[in-house]
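Using the numbering used here, you'd call the opening residue of the sequence shown number 1 and step up by one each time. Note that beta-carbon positions come from the ideal geometry of N, C-alpha and C, so glycine has one too. Here the structure is a predicted model, which means the values were calculated and not measured. Working notes, beginning with the structure itself.
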Amino acid sequence: MSGLDPITLQVMLGALRAACDEMGAVLVRSAHSANIKERRDASTALFDEGGRMVMQAEHIPVHLGAMPSAVAAILDESHEPGAAWILNDPYRGGTHLPDITVIEPLFHSRKHPARPGARGSSSRELVGFAASRAHHADVGAAEPGSMPADSRSLADEGVVIPPTRLDGDTLRELAARMRNPRQREADLRAQLAAGRAGAERVEALIERFGLDSFRAGLEETLDYAERRTRARIAELPDGVRAASDVLEAADGDLQLQLEARVDGDELVLDFSGSAGQHEGNLNCPLAVTLSACYFALRVLTDPDVPPCEGAYRPLTAIAAEGSLLNARAPAAVAAGNVETSSRVADLVLAAFGHALGQGTMNNLTLGNDDFTYYETLGGGQGACPDADGPSAVHVAMSNTLNTPVEALELEFPLRAVEYALRRGSGGAGRRRGGDGVVRELEALAEMRYSLITERRRHAPPGADGGEPGARGRNLVNGEELPAKASGTLHAGDRLRIETPGGGGHGNP
C-alpha cells in the first residue's frame, strides 16, 4: 500500500486524468489537419519512468492499448530534458505508419540541501514520459493518404520511422518526405506541445505532493486498477469459451479462432489456430492484437477502472509469431490496425455472448498531389439484453468523430451528396441492433480513392437468437466495389458508402 489516504489518492487520480485530457485538448486545438482537429484521431497518455502506463485519456482504443510498446521501444535510450522521441515503425512500438507517436521524457529537479559552508545543489531526475499518437493524413506512400488497399509490404505504406530523437532538423526532414509537408510539420509540433502540457501537469503534481508520494500514488493506482479488474473477472463463470470469425481479404476469407479461458480472477485469450501471416495488409503487430484484447477486457469487466497498466495485469493473450495476429517484419499492416483489431475485439465479445456491432472502421482515403483526406465512418452497434444498439456510432477500436460536412466541403474538392442514417440496417431482435449510415461524396476534381472495409461479405452477427445486421456496401457511380478497393475518381464521379448495422439480441 502507498500510505496515501483514499481522498489524496482520488485527488491524484483525477489530476492524472485531467492531465491526459488537457494533453489531448492541446493536440486537437493546435493541429492543422482535419483528421486531427475535426475527427480527433489522436490519443494521449502518461507513463512512469519504468514505462508503465499510469493513465490515458479516453481517446482511441487501438492507439492507447498499443502505446506502451512505443514507450518500451525508447525506454533504454539515454534521455535528456526537452529531447523528445518519434516513431511509427509497427515492429518497434508502432501500429501502422500513419499513426506517429511522439514521446516526451519528464524530468523533475530534486534539490539537495547544502553542507555547512557549501552551496546546495540540484539534479534532474527522470520521473516518466508523456506520449501522444496521431493519425497523420499522409506519410509518403505512393497512394495519397498512405492507406493503400493493396499494399504487400511495409515499404508500400510510407515513411518508416524507427525510434529517433526529434529535433527541428529531423522534424523538417521527415515532413519533407510526406505530402503537404507544412501541415505534417504543424501536426507534429502540436504533438510536441501536448507533451509539454503533460510535463507541466506532472511537475505541478510533484510540487504539490512531493516526488516520493507522487511515485507511491502511481504504484497504488496500478494496484487499485488490478484489484478492481480481478474482482470483476472473478464474477465470470470459470470455463472455456470459443469463437471464430473471418476477415474479408481480397483473395478470400482469413479464419480467426479464439479460445477464452476464465480461471478465478485471470483471463487467457488464446488465438492459436488463426490464419498465418498474409501477403496483403491485414496483418497485426502483436501490440495491436493486445490493444484489442485490452479494450474487450474493459468492456467485459469494469469500464470505469482507471485505464492503466494495472487493469491489464490479469490478462494473458497468446498469438503465434508469424501469424496474422503477431506478424513479422516487413509484412504490410495498414488494414491490420483498423480492421483486424476490430475483428479481434469482436471475437472476444462474441465468445462471451455479445451481439456484434459493425466490426469495421469503413476506412476511406481520398487525395492527389494537392490534398489528402482520411475518414473512418460510424455504423450500427450491437444490441444488449436490455437495450437497443445505438446507431451511427464508431464501434469498438475506433472512437473518432466524423468530418462535419461544412468542414469537408470547405477544405477539400468534395461535395456531400447524402449523409443519413441507413434506416432498417440494424438486426431484428427482442432488442434491435443499431443502424449504419450512408455517406455519398461527389468528386469535384480528379483524385485517387482507397477503401479498406469489412463486413461486406459477412454480416455482423446477433446473439441469443437475434438477427444479423445488414452487410455494408461500397459503390462508385452505382457500381458495387469489393471490401478492399482503390482507383481514380474523375470530376463528377460519386462514391457511396453504406455502413453495416449492428446485430440484434434475443429472438424477435
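Give a yes or no on whether the C-beta atoms belonging to A485 and A249 are separated by under 8 Å.
Position 485 of the sequence shown holds residue 485. Position 249 of the sequence shown holds residue 249. Going by C-beta atoms, A485 is not nearer than 8 Å to A249.
Enclosing alpha helix (DSSP H) for A249 [first to last residue]:
Looking up residue 249 in the sequence shown gives position 249. Taken as a continuous stretch (DSSP letters only), A249 belongs to no alpha helix (DSSP H), being part of the beta strand (DSSP E) at 239-249.
Is the segment 170-182 touching the segment 127-146, taking contact as three or more C-beta pairs under 8 Å?
yes
Quick check on the burial criterion: 16 or more other C-beta atoms within 10 angstroms. Buried or exposed for T488?
For the purposes of this step, residue 488 is identified with residue 488 of the sequence shown, where counting begins at 1. Exposed, since its Cβ has fewer than 16 Cβ neighbours within 10 Å.
So for C20, helix, strand or coil by DSSP?
Position 20 of the sequence shown, counted from the start, is the residue given in the question as residue 20. In the three-state reduction of the DSSP assignment, C20 falls in the helix class, which pools H, G and I.
DSSP has D48 in a bridge; who is on the other side?
Here residue 48 refers to the residue found at position 48 of the sequence shown. BP columns for D48 point to G128.
Return the chain-ordered list of same chain residues with a C-beta closer than 7 Å to the C-beta of V26, the five sequence neighbours on each side being excluded.
The count along the sequence shown starts at 1 and reaches residue 26 at position 26. If we look at V26 and ignore the five residues flanking it on each side, its Cβ neighbours are A193, A194, A197.
Assuming V62 contacts M397 under a Cβ cut-off of 8 Å, what Cβ separation, rounded to an integer in Å, is found between them?
For the purposes of this step, residue 62 is taken as residue 62 along the sequence shown, with counting starting at 1. For the purposes of this step, residue 397 is taken as residue 397 along the sequence shown, with counting starting at 1. The pair is a contact, with the Cβ atoms about 4 Å apart (cut-off 8 Å).
Nearest to A243 by CA position, among G353, R208, I318, W85, is which residue?
Within the sequence shown, residue 243 is the residue found at index 243, counting from 1. Out of G353, R208, I318, W85, G353 has the C-alpha closest to the C-alpha of A243.
With 16 other Cβ atoms within 10 Å as the buried cut-off, status of V395:
Position 395 of the sequence shown holds residue 395. By the 10 Å Cβ count, V395 comes out buried.
Of the residues V405, A45, R189, A311, the one placed nearest R230, counting alpha carbons only:
Position 230 of the sequence shown holds residue 230. That would be A311, whose Cα lies nearest to the Cα of R230.
Return helix, strand or coil for V299, following the three-state DSSP convention.
Sequence index remark: in the sequence shown, residue 299 carries index 299 (1-based). Here V299 sits in helix by DSSP.
Is the Cβ-Cβ distance between L205 and R110 less than 8 Å?
Your numbering for residue 205 matches position 205 in the sequence shown. Your numbering for residue 110 matches position 110 in the sequence shown. With respect to R110, L205 sits apart: the two C-beta atoms are not nearer than 8 Å.
Identify, in the order they occur along the chain, each residue of the same chain with its Cβ nearer than 6 Å to the Cβ of R52, setting aside the five sequence neighbours on each side.
The residue given as residue 52 occupies position 52 in the sequence shown. Within the same chain, R52 has close Cβ partners E309.
Which residues bound the alpha helix (DSSP H) around S342?
Indexing the sequence shown from 1 puts residue 342 at position 342. Note, S342: alpha helix (DSSP H), 341-351.
In DSSP terms, what M53 is bridged to
By 1-based counting over the sequence shown, the position of residue 53 is 53. In DSSP, M53 forms a bridge with F47.
So, helix, strand or coil for M1, using DSSP?
Here residue 1 refers to the residue found at position 1 of the sequence shown. Unreliable positioning characterises M1 in this predicted model, as indicated by a pLDDT of 39, which lies under 50. The coordinate reading is nonetheless provided below. Of the three classes helix, strand and coil, the one that applies to M1 here is coil, per DSSP.
Distance, V11 Cα to P81 Cα:
Counted from its first residue, the sequence shown places residue 81 at position 81. Counted from its first residue, the sequence shown places residue 11 at position 11. Distance from the CA of P81 to the CA of V11, rounded to the nearest whole angstrom, comes to 27 Å.
Is S425 near G469, with beta carbons less than 8 Å apart?
Here the question's residue 425 lines up with position 425 in the sequence shown. Here the question's residue 469 lines up with position 469 in the sequence shown. Yes, the pair counts as a contact, with Cβ atoms nearer than the cut-off.
What would DSSP say about T289, mapped onto helix, strand or coil?
Here residue 289 is taken as the residue at index 289 of the sequence shown, counted from 1. Three-state DSSP puts T289 in a helix.
Close Cβ partners of V127 (< 8 Å) along its chain, the five nearest in sequence each way excluded
Position 127 of the sequence shown, counted from the first residue, corresponds to residue 127. Taken in chain order, the residues that qualify are D48, E49, L106, F107, H108, V202, I206, L211, F214, R215.
Classify R133: buried if its beta carbon has 16 or more other beta carbons within 10 angstroms, exposed otherwise.
Here residue 133 corresponds to residue number 133 of the sequence shown, with the count starting at 1. Here R133 is buried, its C-beta having at least 16 other C-beta atoms within 10 Å.
Let's test the definition: count the other Cβ atoms within 10 Å of the Cβ of G322 and tell me whether it reaches 16, buried, or not, exposed.
Within the sequence shown, numbered from 1, the residue matching residue 322 stands at position 322. Flag for G322 reads exposed.
Please say whether D187 and I233 have beta carbons closer to each other than 8 Å?
Looking up residue 233 in the sequence shown gives position 233. Looking up residue 187 in the sequence shown gives position 187. Not a contact, by the Cβ cut-off of 8 Å.
Rounded C-alpha distance that separates T499 from Q381
As a position in the sequence shown, residue 499 is number 499, starting the count at 1. As a position in the sequence shown, residue 381 is number 381, starting the count at 1. Going by the C-alpha atoms only, they are around 11 Å apart.
Can you tell me whether N35 is helix, strand or coil according to DSSP?
The residue labelled residue 35 in the question sits at position 35 within the sequence shown. Look at N35 here: in three-state DSSP terms it is helix.
Paired residues, beta bridge with D510 - DSSP:
Outside the displayed span of the chain (1 to 508) sits residue 510, for which this structure offers no information.
Look up S30 in the DSSP assignment and say whether it is helix, strand or coil.
Here residue 30 refers to the residue found at position 30 when the sequence shown is read from its first residue. It is helical.
Spatial neighbours of S342 within its chain, please: CB distance less than 8 Å, with the 5 preceding and 5 following residues excluded, ordered by chain position.
Locating residue 342 in the sequence shown gives position 342, counting from the first residue. Hits under 8 Å: A292, G359, T360, M361, V395, A396, M397, S398, E454.
Run through DSSP, which three-state label would P173 get?
Stepping through the sequence shown from its first residue, residue 173 is reached at position 173. The amino acid occupying residue 173 in the given sequence is Glu; Pro does not appear at that position. Note: E173 maps to helix in three-state DSSP.
L269 vs L315 beta-carbon contact at 8 Å:
Taking the first residue of the sequence shown as position 1, residue 269 is located at position 269. Taking the first residue of the sequence shown as position 1, residue 315 is located at position 315. Yes.
Using the beta-carbon count (16 or more within 10 Å), is D507 buried or exposed?
Taking the first residue of the sequence shown as position 1, residue 507 is located at position 507. Rather than Asp, the amino acid found at residue 507 in this sequence is Asn. Exposed is the call here.
8 Å Cβ cutoff met for Q183 and H32
Within the sequence shown, numbered from 1, the residue matching residue 183 stands at position 183. Within the sequence shown, numbered from 1, the residue matching residue 32 stands at position 32. A contact, by the Cβ cut-off of 8 Å.
Per DSSP, what kind of secondary structure is S486 in: helix, strand or coil?
For the purposes of this step, residue 486 is identified with residue 486 of the sequence shown, where counting begins at 1. Note: S486 maps to strand in three-state DSSP.
Within 8 Å, do at least three Cβ pairs link the segment 458-467 to the segment 386-394?
Under the three-pair Cβ rule at 8 Å, the segment 386-394 does not count as touching the segment 458-467.
In the DSSP assignment, find the beta strand (DSSP E) that holds T164 and state where it starts and stops.
Indexing the sequence shown from 1 puts residue 164 at position 164. Counting along the chain, T164 sits inside the beta strand (DSSP E) bounded by residues 164-166.
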